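Data block below; observations after.
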Amino acid sequence: MKIVSFRNDVLPLKNVLFRLALRITMNKEEAEDVVQDTLMKVWDRRDTLQDIDSIEAFSLTICRNIALDKTKRSSWREESLDQDTLEPRATSMATPYQRTEQRDMLEMVKRIVDGLPEKQKTCMQLRDFEGKSYKDIAEVLSISEEQVKVNIYRARQAVKQKFNENAEYGL
């Protein structure tokens with residue numbers, strides 16, 4: 001039986017939880033609320049944390065469920081990410097035209113990813129942005145590893161296809 005410390009094992013997950021919540025809710029304030037609710041739920045279960053195999057998967061599952069509940073309840077959506085996050089990391093050598101083009105391309109990819117089905121979007125977020133293993137993603141989403149791989153493949157294909165279509169016809 002392992003000893004689980006809330007401070008050392010759960011609190012360091014807050015940034016990962018925030019990024020997942022932000023990806024689902026598309027709103028910084030909502031994502032912060034989701035992380036806070038998640039941490040409170042995990043805190044309430046602190047007596048049984050020793051019995052859980054993966055605290056990270058457990059926390060991510062709670063976070064995902066709370067975020068999905070919030071988005072289902074809210075009828076409005078605000079901008080997907082902060083403007084700071086959307087700014088491309090342009091070098092000082094880039095011209096204003098290049099920076100604008102990079103920002104437009106990033107916006108287009110963001111819109112495409114936002115339009116993916118929920119499972120594909122979440123799988124892609126956890127794998128490509130958070131670096132989680134297929135096993136961890138399967139555990140968080142309560143699906144098989146094969147389903148995770150299929151969802152990621154389909155998400156990447158859809159993003160690639162729609163990006164190429166948009167690039168071909170213009171923004």
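Residue numbers (UniProt numbering): 1 to 171. For glycine and all other residues, C-beta sits at the position ideal for the given N, C-alpha and C. Since the model is a prediction, treat every value here as computed from it, not as a measurement.
Cβ pair residue i, residue j closer than 7 Å
i       : j       : result
Gln-102 : Arg-154 : no
Arg-123 : Val-148 : Sequence inspection shows Cys at residue 123; the Arg mentioned does not correspond to that position. A contact, by the Cβ cut-off of 7 Å.
Val-16  : Glu-130 : yes
Ile-55  : Asp-37  : no
Ser-59  : Leu-13  : yes
Val-42  : Val-4   : no
Ile-61  : Val-140 : One point to set straight first is that residue 61 is Thr, not Ile, in the sequence displayed. Closer than 7 Å, so yes.
Lys-72  : Ile-112 : no
Tyr-134 : Glu-118 : no
Arg-46  : Phe-6   : yes
Three-state secondary structure assigned by DSSP to residue i
i       : result
Ser-59  : helix
Lys-132 : coil
Val-159 : helix
Asp-47  : helix
Asp-53  : coil
Val-140 : helix
Ile-3   : coil
Asn-151 : helix
Leu-86  : Summary for Leu-86: the model assigns pLDDT 44, below 50, so the residue's position carries little reliability, and this model does not support an answer.
Terminal residues of the alpha helix (DSSP H) in which residue i lies
i           : result
Leu-22      : 14 to 25
Pro-96      : 96 to 114
residue 172 : One cannot answer for residue 172 here, as it falls past the ends of the chain, which runs 1 to 171.
Any C-beta of chain D under 7 Å from that of residue i
i       : result
Met-124 : Although the question refers to chain D, the structure presented lacks it and comprises just one protein chain.
Beta-carbon separation (whole angstroms), residue i vs residue j, contact threshold 8 Å
i      : j      : result
Thr-25 : Lys-70 : 6 Å
Leu-39 : Ala-31 : Not quite, the Cβ-Cβ distance comes to about 13 Å (not below 8 Å), so this is no contact.
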